[in-house]
Structures are given as C-alpha cells and as structure tokens.
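**Student:** Questions regarding the structure given below will be posed in turn.
In my numbering, the protein residues as written are 531 to 791.
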C-alpha cells in the first residue's frame with residue numbers, strides 16, 4: 531500500500547473535487563454537443579455577426595489598453611499603501627467586481643448620461659457619451675480594470691524584494707527602477723492580469739446594455755448579439771457563443787503562459 535504523502539488531503543476530498551470539475555465541464559460539453567456546426571460558416575459570415583465581432587474586438591482592445599495604462603499605476607501605488615488608506619482603496623477597486631452588471635451600468639449612466647453629473651458638462655462641449663461606442667469602452671473598463679489591479683497588487687505585495695532598494699542605493703531614479711526593475715519582475719503578473727481584464731471586457735453584457743444600449747455596428751457587442759438572437763434564432767446564438775468560448779480559451783491560455791514567464 532502506497533503511503534500518503536505529507537500534507538495530502540483525505541481521499542474523500544478528491545471525490546468532491548471531481549464533482550466540482552465535472553459540474554464546471556458539463557455545460558461546456560453540452561454547448562458543444564448542441565452546436566449547429568453545419569450553420570457555423572453561414573452565421574459567422576453574416577453581416578450582423580461580423581458587425582458584432584468588429585465592435586467587440588475594437589472596444590475590447592481599447593478597453594484593455596486603458597486598463598493596463600491606468601491599472602498598473604494604481605496597483606503599484608496601492609501595493610505601498612497601509613492602514614486606512616489601503617482599506618479605502620481596496621474597497622473602491624473591489625466594489626465594481628461585486629456589483630451586479632446592471633447596477634454598474636446604471637451608475638455609469640447616472641454619472642455620464644446626457645443630463646447627469648458629468649454627462650451634462652460633456653454635452654455642453656458637444657460630446658454625448660451614453661449610448662455610444664465610448665460608453666461600451668467605459669463600461670468594459672469599469673468592470674474589468676479591478677481584476678488587473680487586484681491581481682497585480684497581490685503579486686506586488688507578495689514579491690517585495692531587495693532589488694528596488696539596491697537599485698535606489700546605487701543612485702537609480704524612481705522611473706529607471708520602475709521600467710528596468712519592477713515591471714520586468716512583475717511581467718508574469720501583468721500578463722495574467724491583462725488577460726483576465728480582456729476576458730472580462732469580452733464577456734461584459736449588463737453594464738454595456740444599460741449604459742451603451744444595443745445599436746448595430748456601434749454598441750452591439752457579441753454578448754448583446756447572443757442575447758438578441760437567443761429567442762429569434764437559437765442556432766445563431768449558439769454559434770456566436772462558440773466564438774466567445776474559443777476566445778475565452780485563448781485568453782485563459784495567455785494567462786497560464788504569463789504565469790510561466
């Protein structure tokens with residue numbers, strides 16, 4: 531009889547773990563079984579599908595870039611905060627992650643709507659944000675950037691080494707240390723967090739629908755197209771769902787690759 535390795539969980543835990551994995555896998559298997567592959571080419575080459583894919587890809591690329599440009603600095607600063615300031619900052623970052631997407635959309639609409647808090651100021655300048663492609667990007671950034679910030683901040687706090695301090699004692703400037711020491715060390719966490727943010731942007735639905743609406747070629751992303759086609763033509767919804775599934779797998783593989791860098 532093979533001895534149990536030190537620290538290994540009891541055998542009955544493996545049964546529950548297998549049940550969890552099976553439960554997570556079964557819906558994906560069911561989706562693939564129900565997939566009308568004979569209509570895949572027809573659906574994916576239709577103007578509506580191409581339009582939704584185009585909107586999704588454009589907005590996700592822009593939103594992910596914004597998440598990185600703003601999220602990385604936020605994580606760097608938050609990793610240095612302590613006490614009350616750290617608690618407040620983490621709360622502000624965590625709230626968008628736990629808010630129902632529709633509530634997130636309503637919050638954005640209440641702030642950037644045409645006659646709302648900041649939206650009125652933009653409207654006076656001739657810029658209407660709500661129900662535009664800008665609103666799609668803003669909704670995606672609002673719900674996705676916290677994923678990058680939280681994952682990167684945790685990595686920064688757990689990987690505090692002496693490299694930055696040594697560079698500082700040698701006379702390196704903070705900017706030099708940032709680009710030549712900190713960011714290279716944190717590259718796996720940045721890649722992983724960026725991939726998670728991109729995946730969240732890609733699947734965003736509720737906040738986008740509430741804040742940006744569903745205008746074909748402007749704000750109708752793939753998740754919105756799936757929702758609209760669900761009752762009209764379920765086969766189209768299934769094929770578009772397959773596209774999101776494939777993209778999600780690619781993003782997850784990037785996340786795993788980033789951890790190995």
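In this text, a Cβ means the ideal position worked out from N, Cα and C, and glycines have one as well.
Which class does residue 531 belong to by DSSP, given the choice of helix, strand or coil?
**Tutor:** Taking the first residue of the chain shown as 1, we reach residue 531 at position 1. Legend: pLDDT at residue 531 = 47, less than 50; position of this residue unreliable, value from coordinates given subsequently. Coil.
**Student:** Measuring alpha carbon to alpha carbon, tell me which of 571, 740 and 675 ends up nearest residue 600.
**Tutor:** Start at 1 with the first residue of the chain shown, and residue 600 comes out as number 70. With distances taken between Cα atoms, residue 600 lies closest to 675.
**Student:** Please classify residue 540 as buried or exposed, where buried requires at least 16 other C-beta atoms within 10 Å of its C-beta.
**Tutor:** For the purposes of this step, residue 540 is identified with residue 10 of the chain shown, where counting begins at 1. So residue 540 ends up on the exposed side.
**Student:** Confirm, please, whether the CB-CB distance from residue 758 to residue 744 is below 8 Å.
**Tutor:** Stepping through the chain shown from its first residue, residue 744 is reached at position 214. Stepping through the chain shown from its first residue, residue 758 is reached at position 228. Yes, these two residues count as a Cβ contact at 8 Å.
**Student:** Please work out which residues of its chain come closer than 7 Å, Cβ to Cβ, to residue 611, disregarding the five sequence neighbours upstream and downstream, and give them in chain order.
**Tutor:** Along the chain shown, one-based indexing puts residue 611 at 81. So the qualifying residues of the chain are 619.
**Student:** Counting only runs that start and end within the region 716-758, where is the alpha helix (DSSP H) found for 4 or more residues in a row?
**Tutor:** 717-733 and 736-742
**Student:** Taking its Cβ as the centre, do 16 or more other Cβ atoms sit within 10 Å of residue 651, making it buried, or is it exposed?
**Tutor:** If you number the chain shown from 1, residue 651 lands on position 121. Exposed: under 16 other Cβ atoms inside 10 Å.
**Student:** For residue 531, count the other beta carbons within 10 Å of its own beta carbon; 16 or more makes it buried, fewer makes it exposed. Which is it?
**Tutor:** The residue given as residue 531 occupies position 1 in the chain shown. Because residue 531 carries a pLDDT of 47, less than 50, the predicted location of this residue cannot be relied on, and the following value inherits that uncertainty. Its Cβ having fewer than 16 others within 10 Å, residue 531 is exposed.
**Student:** Could you say if the region 759-768 and the region 627-647 meet the contact criterion of at least three C-beta pairs nearer than 8 Å?
**Tutor:** They do not touch, by the three-pair rule.
**Student:** Could you name the residues of the same chain whose beta carbon sits closer than 8 Å to that of residue 616, not counting the 5 residues immediately before and after it, in chain order?
**Tutor:** Residue mapping note: residue 616 aligns to position 86 of the chain shown, counting from 1. Excluding residues within five positions, the ones whose Cβ falls inside 8 Å are 608.
**Student:** Do residue 665 and residue 749 have their CB atoms nearer than 8 Å?
**Tutor:** Sequence index remark: in the chain shown, residue 665 carries index 135 (1-based). Sequence index remark: in the chain shown, residue 749 carries index 219 (1-based). In this structure, residue 749 lies closer than 8 Å to residue 665 by Cβ.
**Student:** Quick check: the Cα distance between residue 782 and residue 613, rounded to an integer number of angstroms?
**Tutor:** The sequence position of residue 782 within the chain shown is 252, counting from 1. The sequence position of residue 613 within the chain shown is 83, counting from 1. Approximately 34 Å between the Cα atoms of the pair.
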